[in-house]
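Single-structure report; data block below.
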Amino acid sequence: MQNFLVPFCVFVCFVRVSYQNPVNNVCTTFLDYYKNMIYNPNCYHNPDVYLSVPEIIKRYDYPLQTYQVTTNDGYILTVFRIPYVQNFLKRSIGPPVFLQHGIAQSSMVFVNIGRRSLAFTLADNGYDVWLGNFRGSVYSNKHKYLNGDNKTYWNFTFHENGVYDLPAQLNVVTKVTNQKIIYIGYSMGSTAYFVYNTQYPEIAKNTIRISISIAPVAFLKNVDKQIKFIIEGWCQLKNIHDKNGNGGIFRRTKGYIARRQRICLPYPVKMRFCLLSAYIFGLLDTAEEDPEILPVIVMQDQDAVAMKTVYHYVQLVRCGRFQQYDYRELNDEIYGTSAPPQYNLSNINVPNFFIRANRDSISTQKNVEETFKFLSDSAKPFDIFVVSSDAFRHGDFVTARDVRILVYEPILDFLEKNKNKFL
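Residues -16 to 406, numbered by my numbering, are exactly what the sequence shown covers, in order.
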């Protein structure tokens, strides 16, 4: 009996210690990842690598409310809210701010870098923060009649995000707060916003106070050369996926997360391998990588996307216009014209503030300026803000080590400066 009890007690003690001291999964430098992470004093356990958005919000001691909304075409979306709580600084209560993520993402990108994240930065400054989640993402993957294994479920692009998802999500914000909204859209979050504004200009004018577009995406004629080169590969992938897939990729199933953990962690060389496409596309710069945050980005930031959405962007690169999806021979039947209708940006009446970076391979200077040019005068009362870093790229707006200083604090300054004008 004694022979059994001794190893049993050792096992119990080991399990208890392991439970009380979770295994280290992040380090303060990239080199430390290779120096026995378990016992390295420069490494520690960051729960954010595996937590959900609600869990991260609660972990940092912010209040949380969750709302579910159903779009007019049956998709069930989740919206998170970090309501303002009076703190010792006694700041005045700010208006609601709605954050909308980019392509193949979820609202995770607004809470993914700890207290420096955009959602927490705004909440700390008294704003009522709302986090949107587009259809297909892990927090908005339900439908009244369909499921993600059905090809019909994935039959959408950023057009549907703008026509259905945004109205449903913004409506719950105005219902709860009875206030107009500050809209902040990152990447595809801005594309969908432009669609929403061009399709419902009067509703948008009565709903939105002001829009801040981070790395805005509309015209894509002048993307960097490497993106144009890789586009042909995406077209081939779409053809294969159309025959064999269900229309959606990067779905965050348990199997997907387990595979990603096995392939991408724990060493920086593996993490960067899993981000290889982002480097090739010029979306990230290693100069802005934070060793303590990279595992979170690798495990958390990528989310499901419809192949049709990706191909819609491919069409915009090829045609050089900001237009609806090109169904080719079916255009006459669907649109009543041989070519897809263009989105008329001059319909937008809400004031816009654009933020771009000089090394952004997608929201390039020419692309952003062309989008800006087509806005009506009333919609562009502010100059385009350019990030003061030559290392900043498209993906760095939600991941970079210096993003709070370079982007989020200027947003706060902008809102404070213009609070009497538009807010």
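Just so it is clear, CB atoms sit at the ideal spot from N, CA and C, and this is done for glycine as well.
Excluding the 5 residues flanking it on each side, K204 has same chain C-beta neighbours closer than 6 Å at G303, in chain order. Taking a C-beta distance under 9 Å as the contact criterion, R342 and A383 do not qualify as a contact pair. Residues of the same chain with a CB within less than 6 Å of the CB of I345, apart from the 5 flanking positions on each side, are V206, H377 in chain order. Non-local C-beta neighbours of I186 in its own chain, meaning closer than 8 Å and more than five positions away in sequence, comprise P150, ordered along the chain. DSSP places G168 inside the beta strand (DSSP E), whose first and last residues are 164 to 169. When the five nearest sequence neighbours on each side are left out, the beta carbons in the same chain lying within less than 8 Å of the beta carbon of F233 are those of A87, Y239, Q285, D286, A287, V288, in order along the chain. For Q209, DSSP assigns no beta-bridge partner whatsoever. As DSSP reads the structure, V112 sits in a beta bridge with I65, V80. The beta-bridge partner set that DSSP reports for F336 consists of I195. The residue among G231, Y67, P66, G168 with its C-alpha nearest the C-alpha of Y391 is G168. Residue burial is scored here from C-beta neighbours: A241 has fewer than 16 other C-beta atoms within 10 angstroms and is therefore classed as exposed.
Linking P78 to D315 through their CA atoms gives a straight-line distance of about 44 Å. For V370, the closest of C26, A201, L358, P393 by C-alpha to C-alpha distance is P393.
Contact between the stretch 239 to 258 and the stretch 270 to 286 is present: three or more C-beta pairs spanning the two stretches fall below 8 Å. I39 is classed as buried because its beta carbon has at least 16 other beta carbons within 10 Å across all chains shown. The closest CA to that of A102, considering only P37, K356, N29, V252, is found on P37.
When rounded, the separation of the alpha-carbon atoms in R339 and F380 is 9 Å.
Going by beta carbons, F368 and F355 fall outside the 9 Å limit.
Following the DSSP letters along the chain, one finds T49 inside the beta strand (DSSP E) bounded by residues 48 to 53. Taking the C-beta atoms as reference points, V155 is found no nearer than 9 Å to Y27.
According to DSSP, K125 shares a beta bridge with I59. In this structure, V80 and L105 form a Cβ contact; the two beta carbons are roughly 5 Å apart against a cut-off of 8 Å. In the DSSP assignment, D396 falls within the unbroken alpha helix (DSSP H) covering 392 to 400. Contact between the stretch 119 to 134 and the stretch 313 to 327 is absent: fewer than three C-beta pairs spanning the two stretches fall below 8 Å. Note on geometry: alpha-carbon atoms of V94 and T320 lie some 43 Å from one another. According to DSSP, residue pairing for Y27 in a beta bridge involves V9.
For S260, the enclosing alpha helix (DSSP H) stretches over residues 259 to 263.
Boundaries of the alpha helix (DSSP H) around G238: 237 to 247. F355 carries a helical assignment under DSSP once its states are collapsed to helix, strand and coil. Counting C-beta pairs closer than 8 Å gives three or more between the stretch 163 to 177 and the stretch 190 to 205, which meets the contact rule. Residues Q306, Q307, Y308, D309, Y310, N314 of the same chain have their beta carbon placed closer than 8 Å to that of P323, with the five preceding and five following residues left out of the count.
Contiguous alpha helix (DSSP H) elements confined to the stretch 253 to 301 occur at 259 to 263, 277 to 283, taking only those with 4 or more residues. Secondary structure at G231: strand, using DSSP grouped into helix, strand and coil. In the DSSP assignment, Q152 falls within the alpha helix (DSSP H) that extends over 149 to 160. For Q306, the pairing in a beta bridge is given by DSSP as Q325.
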